[in-house]
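Note sheet for the following structure.
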Amino acid sequence: MNQTAIAPVFTLCIPSYNRGRKALQLVETTLSKMDGDWELLVLDNASNEEKAFYDQIGVMAETEPRLTYRRHSYNREFHGNYLACFDMAQAPWIMICSDEDSPHVATIRTLLPFLHANSNLGVLRGSIVSEKEGKDCFNIIKQEIRLPAGNAALIGYGMTNNYITGTLYNLASLKKKGLLERLRQGIDAHRIYPHLYMELLIASQCEVMTTPAVVATTGEPQRTGSSAGHTMRYHSYYSFGNRIDQVVLLRNALIEAVHLVRQPFDWDLFLLLYLRLCNNYFWLVTHANMPLYRDNMLHPGLLQKSLLCLCVSGITPHLTTASRKNRMIEEIIQIYLRYQWPSQDASDATFDSLAPLLGWTAGVLPDPECFIDTVVRLDTADNVSELVQFIQGTLHDPHEMVSATVQLLAQARLRSAYILAMLLTKRGHQHEAISFALSVGGLVYNNPVEAAQGLTHLQRLVDSLSVAQQATFCQQIVVPVLSPLLAAATEQSDDQRVQHLLAIVQAAVPSWRPLFDQEPPGSEVSSEVFRQHRAEQAHRVIQAWQKGP
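Just so you know, this note's numbering puts the end of the sequence shown at 1159, numbered straight through with nothing missing.
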């Protein structure tokens, strides 16, 4: 397998599986048009058919410096081969092209100087035409549009691209911004539409652009089984169960993308994108895949009502105001009515027949409480299981959740603060209250790993605060939480707990660290002397509670 002789300026990626003939034809026609500083990367996904054609590509790569051929040792599936394009391409800009399509090399060549001069651009989407006779377009973009990162890019582009060919990615920028690593971590969940997930992440952080310039032509698909789901075979990609999974997973992708835009969490942006997601999947279920469902003897009207319930359930439990909840339910109902499947059963097509369902939906969704009120209510009721489920399922913005951690600690709701801190840590957020809750909660609830993790970061975070902020943190958080714990541990002569609590005090209160400078004299000191020494330190700390940091 040949490596390119010079660093390429552009990589054309051809992921392929069991279509060696098409891949070879594409390689032969494309190489004849490519510049010397381009790379053509063919990724064979461990094909078990048409292997002779892939072998020919491999032989060509041995003498052709512009061609790189990689055969995976196992089938990584579509999403794994998609990720491999980003991992193995050597150029700063890449385009992924299905092996059944044809890139317009001349057009791409004219675009490259602009792309290399615009490093803030994360993705460029071009037009695609079809080679089918009588069909002159496939995905035509009518005008050139450039959208800034964040709201504009997510709204104008984030949920629009449904075809893998024709998108040019700024690979260098995606690596620099950590988006490639995010793709790697989340791609298993988005195995069916990894490009949708990736481009949501890109739109949150990078400028995006669309152009009428035609960058590829679609070829005749070489398929087995389903053709867009119109078959008696209940194809896994298009089954109703998989469509439901996709709604939930793409909802989670939207949450991640909106979190990346800015803090606090932009609820209006997220809700707008969620409605677009619901609209897309009502169209897929009602039009693209409904023949498949009918062929498999599934009732169209009931399927749509099931999707309605899913879309409502996927958003309303997390809304913080009744007005927002009611507005979202009404918007989702309107989408449902827009795509309602025609039926000979008149009851399926009337709004009146939907009223009982909507009444039931509203009835099972309680009026929302604010986040902290719900946590306190569940904590007071000692309903640990429901408390954990509520905190883990929350969509509230991270700043509100950090504030809630502070409030819970101030109210001595250590269990709730600990659970919330574990969730925030898992989501990558750092704050002195989070580390403090992990340190103390891990100790109290017998999780030494979490306790150690919190203690590791606590001192660094506290040391970054101003003196005034350190004093406030001590008075409002450290003293109320640790005072009773340290007093109880000292009274019970629980030396191990005293030792850990004193370590937390040292990390959390810089002004009290001199209290811990003195060590027992002598090199051979008994464990009893150490225990007594720690007890004395604990008493000094307890005496200092009223003085402040």
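Cβ atoms here follow ideal geometry from the backbone N, Cα and C, with glycine treated the same way.
Where do the ends of the beta strand (DSSP E) carrying residue i lie?
i           : result
residue 732 : 731-740
residue 827 : 817-828
Helix or strand or just coil, what does DSSP make of residue i?
i            : result
residue 881  : helix
residue 707  : coil
residue 781  : helix
residue 1135 : Bear in mind that the predicted position of residue 1135 carries a pLDDT of just 46, short of 50, making it too unreliable to give a figure here.
residue 1087 : helix
residue 1049 : helix
residue 1025 : helix
residue 956  : Because the pLDDT of residue 956 is 41, which lies under 50, any placement of that residue in the model is unreliable, and the question is left without a value.
residue 679  : strand
residue 837  : Low local confidence applies: a pLDDT of 40 at residue 837 is under 50, so the model's placement there is unreliable, with the coordinate-based value given in what follows. Coil.
residue 628  : coil
residue 918  : helix
residue 743  : Per-residue confidence for residue 743 stands at a pLDDT of 49, beneath the threshold of 50, marking its modelled position as unreliable; no derived number is given.
residue 843  : coil
residue 1130 : Bear in mind that the predicted position of residue 1130 carries a pLDDT of just 48, short of 50, making it too unreliable to give a figure here.
residue 640  : helix
residue 787  : coil
residue 1055 : coil
residue 795  : helix
residue 1037 : coil
residue 635  : helix
residue 800  : coil
residue 1102 : coil
residue 1061 : helix
Could you check where the alpha helix (DSSP H) with residue i kicks off and where it finishes?
i            : result
residue 862  : 850-871
residue 1105 : 1105-1118
residue 665  : 661-673
residue 697  : 687-698
residue 903  : 900-905
residue 1074 : Per DSSP, residue 1074 belongs to no alpha helix (DSSP H) and is neither H nor E.
residue 761  : 761-766
residue 875  : Note, residue 875: premise wrong, no alpha helix (DSSP H); not H, not E.
residue 982  : 981-990
residue 995  : 994-1002
Below 8 Å between beta carbons: does that hold for residue i and residue j?
i            : j            : result
residue 717  : residue 652  : no
residue 807  : residue 762  : no
residue 894  : residue 948  : no
residue 660  : residue 685  : no
residue 1043 : residue 1110 : no
residue 699  : residue 777  : no
residue 1088 : residue 1047 : no
residue 820  : residue 767  : yes
residue 765  : residue 882  : yes
residue 1001 : residue 982  : no
residue 682  : residue 662  : no
residue 891  : residue 850  : no
residue 942  : residue 918  : yes
residue 740  : residue 636  : no
residue 1040 : residue 997  : no
residue 1022 : residue 1091 : yes
residue 906  : residue 844  : yes
residue 696  : residue 810  : no
residue 815  : residue 759  : yes
residue 1019 : residue 1049 : no
residue 618  : residue 701  : yes
residue 898  : residue 714  : no
residue 733  : residue 779  : yes
residue 924  : residue 858  : yes
residue 689  : residue 797  : yes
residue 729  : residue 642  : no
residue 771  : residue 801  : no
residue 703  : residue 677  : no
With DSSP as the reference, identify every bridge partner of residue i, one or two as the case may be.
i           : result
residue 620 : 648, 703
residue 756 : 819
residue 712 : 827
residue 653 : 625, 680
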